[in-house]
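Residue numbers (the numbering used here), protein chains in the order written: chain A, -19 to 259; chain B, 1129 to 1377. Each remark here refers to the structure printed beneath this line.
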């Protein structure tokens, strides 16, 4: 297993992936609880379209995708909030359109070849040195944000109206959340795949919520879980030569099912039974 | 009986909240106008009116989340904008939120914290005190989503009290509660109002039960239809029509 690290691209993917998993999980807790989870999904599809455009233009994927996805994040947040066009319908509209644009651009330029496959489902080779550096910066920003503003993030997530009434500028937090989510998706997209990256955002939060009963518990559990699942998925993909993104998603699914099962067990009743059966 | 006059003299320096000819609009369209009323320490004002009569808009205005289209909303007697304890209507997302009761109540202290990233001993003490006051201290480690509707409202009320000692703004505090729990909730609010002297502004469409507890009534129908003491409201044409026309006893 350690020989995995002797390949530079794998070591890079492992380091970058772990950091991005951590960011995605932390941001995901807030997004899932605020019912914004679909934004992550929508952004990844926009990301696919943007990367296709970059390929067609011969530009670096990051320089094209980053601004487009960030702009889409602001747009989706605005749409989800003011609710004139139904939020989920608007996201579906945007994501399928972006996907279609991407596919058409790719077929017109490079042809629908193996590239499309790696864009949609990810490639472990995709993470560059620049991506890793940016991941370090992103992780630092996310961790500092959560450390300094944890209580405000809780308040805005739990009850935005109340938070606003007590003087918290909820709009700033929502914007920061959307912005950081956009960056996380763009960086992780090519490794995890445009169709799979949103799982990093959604799974850890949902899994933790099966058994954790406090916000702090859910946040910490999601962060640890996400990192562990990525590590296991990556190792599995190396050992069995399966695609990295899909492997990580499957490990996340297994963790979800495990936690779901654990959450169904009536622990208090069991404890009572054991106590009753004792001497 | 309350000891002050029927009509509050405008410009009284003890008024906590004063609306002077205030009107609120959404995208240029006036939703509610002609608001002229005062809330003083110890008052219990019930805001009534049909759905869509401008109650929620007024709530936003009083919280400073919406600026008046015309007129003024003035806070007096040193009351800061962050010092109005707010009990919002619950959202669907909240009802199954993984947070402990303690986490929720403590978050009420956020407004006073400014830029300090952590809560102090005083914040924690205030949270405990309000948990005790609302009789939910034993639930402090429980998960919010596992509570009954009435318990959730008590927890949110404790949070509102953490945010403010002098003015509470309650938006449909009995929404979704069964009649027995509703009565308990109203009694609890009245008790807090009586014992602590905190001014209560309650928005409700459940006029009949609400009127029994309030000292003042503000009736809205896109404009201010009535403002005054509860006894006068019951005797007024507006009050008789609204209270009597509900159909159920």
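Even glycine gets a Cβ: it sits at the ideal position worked out from N, Cα and C.
Classify residue i as helix, strand or coil using the three-state DSSP reduction.
{"i": "residue 90/A", "result": "coil"}
{"i": "residue 1333/B", "result": "coil"}
{"i": "residue 181/A", "result": "helix"}
{"i": "residue 1138/B", "result": "Any answer about residue 1138/B is weak, because its pLDDT of 46 lies below 50 and its placement is not dependable; what the coordinates show is given next. Reduced to three states, the DSSP call for residue 1138/B is coil."}
{"i": "residue 1357/B", "result": "strand"}
{"i": "residue 236/A", "result": "helix"}
{"i": "residue 1158/B", "result": "strand"}
{"i": "residue 140/A", "result": "helix"}
{"i": "residue 1152/B", "result": "strand"}
{"i": "residue 1256/B", "result": "helix"}
{"i": "residue 128/A", "result": "helix"}
{"i": "residue 123/A", "result": "helix"}
{"i": "residue 1366/B", "result": "helix"}
{"i": "residue 1290/B", "result": "helix"}
{"i": "residue 1131/B", "result": "Residue placement at residue 1131/B is flagged as unreliable, the pLDDT there being 39, under the threshold of 50; a coordinate-derived value is accordingly withheld."}
{"i": "residue 1235/B", "result": "helix"}
{"i": "residue 108/A", "result": "coil"}
{"i": "residue 188/A", "result": "helix"}
{"i": "residue 245/A", "result": "coil"}
{"i": "residue 1244/B", "result": "coil"}
{"i": "residue 1251/B", "result": "helix"}
{"i": "residue 203/A", "result": "helix"}
{"i": "residue 152/A", "result": "helix"}
{"i": "residue 221/A", "result": "coil"}
{"i": "residue 228/A", "result": "helix"}
{"i": "residue 1263/B", "result": "coil"}
{"i": "residue 256/A", "result": "helix"}
{"i": "residue 103/A", "result": "coil"}
{"i": "residue 1183/B", "result": "helix"}
{"i": "residue 194/A", "result": "coil"}
{"i": "residue 161/A", "result": "helix"}
{"i": "residue 146/A", "result": "coil"}
Which word fits residue i, buried or exposed, when buried means at least 16 other C-beta atoms lie within 10 angstroms of its C-beta?
{"i": "residue 1237/B", "result": "buried"}
{"i": "residue 111/A", "result": "buried"}
{"i": "residue 1327/B", "result": "buried"}
{"i": "residue 1343/B", "result": "buried"}
{"i": "residue 219/A", "result": "exposed"}
{"i": "residue 1246/B", "result": "exposed"}
{"i": "residue 266/A", "result": "Because chain A here runs from -19 to 259, residue 266/A falls outside it and cannot be looked at."}
{"i": "residue 1272/B", "result": "buried"}
{"i": "residue 242/A", "result": "exposed"}
{"i": "residue 132/A", "result": "buried"}
{"i": "residue 1223/B", "result": "exposed"}
{"i": "residue 174/A", "result": "buried"}
{"i": "residue 1280/B", "result": "buried"}
{"i": "residue 49/A", "result": "buried"}
{"i": "residue 1352/B", "result": "buried"}
{"i": "residue 51/A", "result": "exposed"}
{"i": "residue 252/A", "result": "exposed"}
{"i": "residue 232/A", "result": "buried"}
{"i": "residue 1131/B", "result": "Residue confidence for residue 1131/B is low, a pLDDT of 39 falling below 50, so the modelled location carries little weight; the figure read from the coordinates is stated next. Residue 1131/B is exposed by the Cβ-count criterion."}
{"i": "residue 269/A", "result": "Residue 269/A is absent from the model: chain A starts at -19 and stops at 259."}
{"i": "residue 43/A", "result": "exposed"}
{"i": "residue 1250/B", "result": "exposed"}
Can you tell me the Cβ-Cβ gap for residue i and residue j, rounded? I've got them flagged as a contact below 8 Å.
{"i": "residue 1151/B", "j": "residue 1197/B", "result": "5 Å"}
{"i": "residue 1259/B", "j": "residue 1268/B", "result": "6 Å"}
{"i": "residue 75/A", "j": "residue 165/A", "result": "Actually they do not touch by this definition, with Cβ atoms about 12 Å apart."}
{"i": "residue 68/A", "j": "residue 178/A", "result": "So it is not a contact: roughly 14 Å between Cβ atoms."}
{"i": "residue 41/A", "j": "residue 170/A", "result": "7 Å"}
{"i": "residue 1345/B", "j": "residue 1324/B", "result": "So it is not a contact: roughly 22 Å between Cβ atoms."}
{"i": "residue 1146/B", "j": "residue 1204/B", "result": "6 Å"}
{"i": "residue -2/A", "j": "residue 183/A", "result": "In fact, because the Cβ distance is near 15 Å, the residues do not count as touching under 8 Å."}
{"i": "residue 1199/B", "j": "residue 1149/B", "result": "4 Å"}
Bridge partners of residue i, per DSSP?
{"i": "residue 1166/B", "result": "1146/B"}
{"i": "residue 1214/B", "result": "1297/B"}
{"i": "residue 75/A", "result": "Looking at the DSSP assignment, residue 75/A forms no beta bridge with any residue, so it has no partner."}
{"i": "residue 1203/B", "result": "1145/B"}
{"i": "residue 1175/B", "result": "1331/B and 1346/B"}
{"i": "residue 1280/B", "result": "For residue 1280/B, which the question treats as bridged, DSSP gives no partner whatsoever."}
{"i": "residue 1351/B", "result": "1161/B"}
{"i": "residue 1228/B", "result": "1271/B"}
{"i": "residue 1198/B", "result": "1151/B"}
Is residue i near the ligand NAP, with its Cβ less than 8 Å from a heavy atom?
{"i": "residue 1241/B", "result": "Questions concerning the ligand NAP fall outside what the structure shown contains, since it holds no ligand whatsoever."}
- Item | Minimum length 4: unbroken alpha helix (DSSP H) runs contained in the segment -11 to 57 of chain A | 17 to 37
- Query: In chain order, which continuous runs of the alpha helix (DSSP H) of length 4 or greater are located wholly inside the segment 1300 to 1346 of chain B?
  - Reply: 1307 to 1324 and 1335 to 1339
- Task: Determine which residues of the segment 1255 to 1277 of chain B have a Cβ less than 9 Å from any Cβ of chain D, and write them out in chain order.
- Result: The structure shown has no chain D; the protein chains it does contain are A and B.
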